[in-house]
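Contents: one structure, followed by commentary.
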Amino acid sequence: MPDVVSKKVRSRMMAGIGSKHTKPEVALRKLLHRAGFRFRLHRSDLPGRPDLVMAKHATAIFVHGCFWHRHTGCRFCYVPASNQEFWRAKFSANMDRDSASEQALMRNGWRVVVVWECATREERTNPGRLLDRFSRWLRSGRRRGYIGARVRKHSARPSTTKRNKNRPDH
Ligand SMILES: [Zn+2]
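Per the working numbering, the sequence shown starts with residue 84, numbered consecutively.
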């Protein structure tokens, strides 16, 4: 197969982040728009260029892929069997970047919510749950939120502060 994507595009694909208009993102947009929410997309003047921004609610929304952004406990958050060193470094860099963006936004008075890809997928089998959780978070006044599908156990919250450096490699 010929090399049809440029180096820049490829590295962006490999990074798995910064890609606009992903399927989960479009799904969330439709859902929120239908519910009457209004937002702007990919405001590059804000840290991390949030996928959706609701200025009225001072809220920045990131729609994160569970694999690339490491949704702890989620079935999509696995480590590929080969090149584990490479993947761990990549994941670690992604999480650091996410964490820095979120902190910077919150310092500037924004509320930040991460909607995990699995929550948008779950919409097919459990319609309404995502919007319900989002609305509840919005009303709660909490600065930060995470919305994911049900995970095996414990919370859907990724450990962005602890890097799990001491976790054994298995
Ligand atoms: Zn997930």
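For glycine and all other residues, C-beta sits at the position ideal for the given N, C-alpha and C.
The structure displayed is predicted, hence computed values, not measured ones.
Less than 7 Å separating the beta-carbons of residue 198 and residue 234? No, these two residues do not count as a Cβ contact at 7 Å.
Local Cβ density within 10 Å of residue 177, reported as buried at 16 or more and exposed below that: Answer is buried; the Cβ neighbour count reaches 16.
Excluding five sequence neighbours on each side, which residues of the same chain lie with their C-beta closer than 6 Å to the C-beta of residue 108? Cβ neighbours of residue 108 beyond the five flanking positions: 134, 146.
Check for me: the alpha helix (DSSP H) holding residue 172 runs from which residue to which? Taken as a continuous stretch (DSSP letters only), the alpha helix (DSSP H) holding residue 172 covers 167-190.
The beta strand (DSSP E) enclosing residue 142, as first and last residue numbers: Its beta strand (DSSP E) spans residues 142-147.
Relative to the C-alpha of residue 150, which residue among 200, 184, 227 is closest? With respect to the C-alpha of residue 150, the residue from 200, 184, 227 having the closest C-alpha is 200.
Which two residues bound the contiguous beta strand (DSSP E) that contains residue 194? Taken as a continuous stretch (DSSP letters only), the beta strand (DSSP E) holding residue 194 covers 194-199.
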